[in-house]
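In my numbering, each residue's number is its place in the sequence shown (first place is 1) plus 5. We put the CB at the ideal spot given by N, CA and C, even for glycine.
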Amino acid sequence: MDFALSDILAARQAIDGIARRTPLIASPALTIRGGCEILLKLETLQPIGAFKIRGAAHALSRLGAKARERGVVCCSTGNHGRAVAYAAKRLGVPVTVCLSDLVPQNKVEAIKALGATVVRRGKSQDEAQIEADRLVAENELTDMPPFDHPDVILGQGTIALELLEDRPDLETLVVPLSGGGLIGGVALAAKMIKPQIRIIGVTMERGAAMHESIKAGKPVEVKEYASLADSLGGGIGNPNRWTFDLCRNYVDETVLVSEDEIYRGMRALFLDDRIVTEGGAAVGAAALLAGKLAIRGPAAFVISGQNVDMQKFLGVARGEPVTLGDLTVKG
Ligand SMILES: *Cc1c(COP(=O)(O)O)cnc(C)c1O
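Rendered as structure tokens:
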């Protein structure tokens, strides 16, 4: 991928006023546990409660007049759909969101509330995508992929600009990993600014599509499971055009966490740092608490989103068992 720092700077300008610059705060508790300074990048404070507003706002801002008029369609485990719906509304673009049946109801409601048309189809991300493809072919809508798109990747990369402006001395970035748009953009931008910085991706054990793909040397499909980290579900797309190579080239290490570890990560971020997170945002803390990260500080953890079902979250906060499909998670 042939991008320059100026592309990331242009993306930042394009999303200004839709996405916000988020704070980087100290985590005294994780700093003690990690043995080095640990900071939290609070993407939970974005307008839709997750970083995906950056990529969506940037990609939409780059559409031509015809495409804007016809509208866009996307397929998402929730936060991307919500981000596209929010940015599209701000930019006056009609939007349809296709969701699989695994997406939690709170996320569906949030997308509808933003004025998007919602279509529910299939048992997986890939099946929902087939419906999106049909709408593209029949109604000439523009597809807005959640991660495998250069403008989405560049939008997510603006996080790295902010991180290294706030703290040029950062040695390690710990980033949640699913399709790789977030970590791909962050790694690309961060390493252009500071080549020696280490980028660690963390994802859940069950359905770790990018991790398995990197291991296999090519994009592979994995089974999807219900997870506390539902926003990390889904495959990496086959064919994958951008994020697989980015992750292969720029991500230094990938780490897997169990559902129990994610539970403990969410709980610790809430009880110690008073931050409400969805499971997908807590995987870095989960890996650290599980002793799975050997990092040099100062390190920044991207806390990617807060759009958790609150009943489930309150269960975790109280230390109660949470049921996920075939699995009971106790932490
Ligand atoms: C989408 C998402 C991720 C993963 O981003 P990718 O670009 O798919 O790797 C992580 N956390 C949250 C909260 C998300 O919504």
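Alanine 121 is positioned such that its CB atom lies no closer than 9 Å to that of cysteine 80. Between ligand 1 and the CB of lysine 57, the shortest heavy atom gap is smaller than 8 Å.
In terms of side-chain proximity, the C-beta atom of histidine 85 is found nearer than 8 Å to a non-hydrogen atom of ligand 1.
Straight through space, the alpha carbons of threonine 101 and glycine 39 are spaced by roughly 43 Å.
Measuring C-alpha to C-alpha distances from glycine 270 to each of Ala292, Leu251 and Asp257 identifies Ala292 as the nearest. Contact between the region 122 to 130 and the region 20 to 39 is not established, with fewer than three Cβ pairs separated by less than 8 Å. A Cβ-Cβ separation of about 7 Å places glycine 289 in contact with proline 181 under the 8 Å criterion. The residues Leu29, in chain order, have a CB closer than 6 Å to that of aspartate 171 in the same chain once the five nearest residues on each side in sequence are set aside. Between the region 66 to 75 and the region 42 to 56 there are fewer than three C-beta pairs closer than 8 Å, too few to call the two in contact. Serine 263 has its CB no nearer than 8 Å to any heavy atom of ligand 1. Judged by DSSP in its simplified three-state form, cysteine 252 adopts helix. With contacts defined as CB atoms closer than 9 Å, serine 232 and isoleucine 267 qualify as a contacting pair. When distances are taken from the beta-carbon of proline 151 to the heavy atoms of ligand 1, the shortest one is below 8 Å. In this structure, the C-beta of threonine 248 approaches ligand 1 to less than 8 Å from one of its heavy atoms.
Straight-line spacing of the CA atoms in leucine 237 and asparagine 84 works out to 10 Å. In this structure, DSSP gives leucine 294 a helical state, which the three-state scheme calls helix. Counting along the chain, no beta strand (DSSP E) covers alanine 9, and no H or E run does either. Exposure of lysine 128 is indicated by the presence of fewer than 16 other C-beta atoms within 10 angstroms of its C-beta. If only complete runs of 4 or more residues are kept, the region 22 to 103 shows the alpha helix (DSSP H) at 33 to 39, 57 to 66, 70 to 75 and 84 to 96, in order along the chain.
Excluding the 5 residues flanking it on each side, alanine 192 has same chain C-beta neighbours closer than 7 Å at Ile204, Leu251, Tyr255 and Val256, in chain order. The DSSP-derived three-state label of valine 108 is coil.
At least one heavy atom of ligand 1 sits closer than 8 Å to the Cβ of methionine 215. A straight-line Cα-Cα distance of about 13 Å links glutamate 145 and glutamate 136.
Pairwise C-beta distances place the region 279 to 288 out of contact with the region 217 to 228, as fewer than three of them are shorter than 8 Å.
With a contact defined as Cβ atoms closer than 8 Å, proline 109 and aspartate 265 miss out at about 20 Å.
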